[in-house]
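Undergrad:
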Amino acid sequence: MNTYVKIFMVASVCVALAGVVIQEVIERHKAEITKILNENPSLKVASQTAHELFPVFKFLRPVFTYFPSLRKVLSFLLPPPESTPTTASTLPPATPATPTNTKKAKERLFTPQQLKAYDGKDASKGPYLAILGRVYNVRKGKKHYGPGGGYEFFSGRDASRAYVSGDFTEAGLIDDVSGLSSTDYIGLDEWVKFYDTDYKYVGKLIGRYYDENGEPTLYYYDTQRWISQAFTEKENDNQEKKMFPPCNSEWNPETGSRLWCTKRSGGIERDWVGVPRKLFMPGQSKSRCACVKNFGAPSHDPKRINHDRGDLDHPNLQEYPKCEPDQPECYVKLD
């Protein structure tokens, strides 16, 4: 009999731990799951019913009976204790409620019209600004963001695109960031991190990035995807530059462009010098000068034997005319 009890106890703990994993997944993807459930009422009802019929703590009660030491370890799975009923005469004096999450409690939702009132012209308000739908209090930088400041046009609105486009006209001070370059998306991400670090986050702007409930919109997720892709491209570009470091270059009106390679050219430290070559990359109309390893096995197949030309045979490379192919320096006269 004891064996069956132990098996039941172990199975109950396993089921409970599985519930913990599921709960963690739900917390991490709460916004997406909420959206799906709201769009499908039948799923929402089924989810609530399942939660009521199969609460994790019910599986644990018999376990705690036989193994009291587990109650402390897994106590976070138990429901909160029921409060003792109180009457008006026994209630303590009313006090201001203390939010359990200060940052969440202070978060505000702004309409574009409400945010416009925080452009700094009213000394009692702001200035506030928004970037990618996130609103920040920039009062401590009022000499920059307030009236007459060099960045006053950012206040009272979301002008995300202008942070990287440099277009500070009314047509350019907009929150639409579609169609930007990878460098621009990385720049936007850096601006957000700057405001998170140096200024106070106060809430969200209802519109392109957040809905009236403060939930992320589809455009918000598109923007995050574009930023993520930009970082992926940057990493790929870094790998390309490690394989083909940029050349050093200087220009002289008489001799033309001087291109040369060193063990640190292009900011890439390595144990070889290389020779200058034109590098053509797919999707790019212009070539760039790359220092190419000219000995040993190719970078894509470092174990290859009987090969001592390094990456010189790469199909995207081309020699510079009138340059010694085995020298680390080359002069290019452009017509």
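Residue 129 in the UniProt record's numbering is what sits at position 129 of the sequence shown, and the numbering runs on without skipping anything.
Ideal Cβ placement from N, Cα and C applies to all residues, glycine included.
Can you tell me whether Gly-166 is helix, strand or coil according to DSSP?
TA: coil
Undergrad: Are the segment 296-303 and the segment 322-331 touching, with three or more C-beta to C-beta distances below 8 angstroms?
TA: Between the segment 296-303 and the segment 322-331, the count of Cβ pairs shorter than 8 angstroms is below three; the stretches do not touch.
Undergrad: Please name the residue, chosen from Thr-183, Thr-169, Ser-285 and Tyr-209, that lies closest to Phe-153 on a Cα-to-Cα basis.
TA: Of Thr-183, Thr-169, Ser-285 and Tyr-209, the residue nearest in Cα terms is Thr-169.
Undergrad: Out of Glu-269, Ser-178, Asp-311 and Ile-174, which has the shortest C-alpha to C-alpha gap to Lys-293?
TA: The residue among Glu-269, Ser-178, Asp-311 and Ile-174 with its C-alpha nearest the C-alpha of Lys-293 is Asp-311.
Undergrad: Can you tell me whether His-314 is buried or exposed, with buried defined as 16 or more other CB within 10 angstroms of its CB?
TA: buried
Undergrad: Go ahead and pull the three-state DSSP assignment for Thr-98.
TA: At Thr-98, the pLDDT of 38 sits below 50, so the modelled position is not reliable and the matter cannot be decided from this model.
Undergrad: Using CA atoms only, rank isn't needed, just tell me which of Thr-262, Gly-274 and Leu-317 is closest to residue 387.
TA: Past the boundaries of the shown model lies residue 387; the chain is included only from 1 to 335, so the question cannot be answered.
Undergrad: For Val-275, which of helix, strand or coil comes out of DSSP?
TA: strand
Undergrad: Given Cys-261, which residues of its chain have a CB within under 8 angstroms of its CB, disregarding the five upstream and five downstream residues?
TA: Pro-245, Cys-247, Asn-248, Val-273, Gly-274, Val-275, Pro-276, Cys-291, Pro-328 and Glu-329
Undergrad: Give the C-beta separation of Ile-305 and Lys-234 to the nearest angstrom, bearing in mind that I take them to be a contact with Cβ-Cβ under 8 angstroms.
TA: Not quite, the Cβ-Cβ distance comes to about 34 angstroms (not below 8 angstroms), so this is no contact.
Undergrad: Report all residues from its chain with a CB closer than 8 angstroms to the CB of Arg-108; omit the five preceding and five following residues, and keep chain order.
TA: Val-135, Val-202, Gly-203 and Lys-204
Undergrad: Using the C-alpha atoms, what's the distance from Gly-150 back to Glu-250?
TA: 35 angstroms
Undergrad: Nearest by alpha-carbon distance to Pro-282: which of Gly-156, Glu-269, Asp-237 and Ile-206 is it?
TA: It is Asp-237.
Undergrad: For Ala-162, does the count of other Cβ atoms within 10 angstroms reach 16, so buried, or fall short, so exposed?
TA: It counts as buried.
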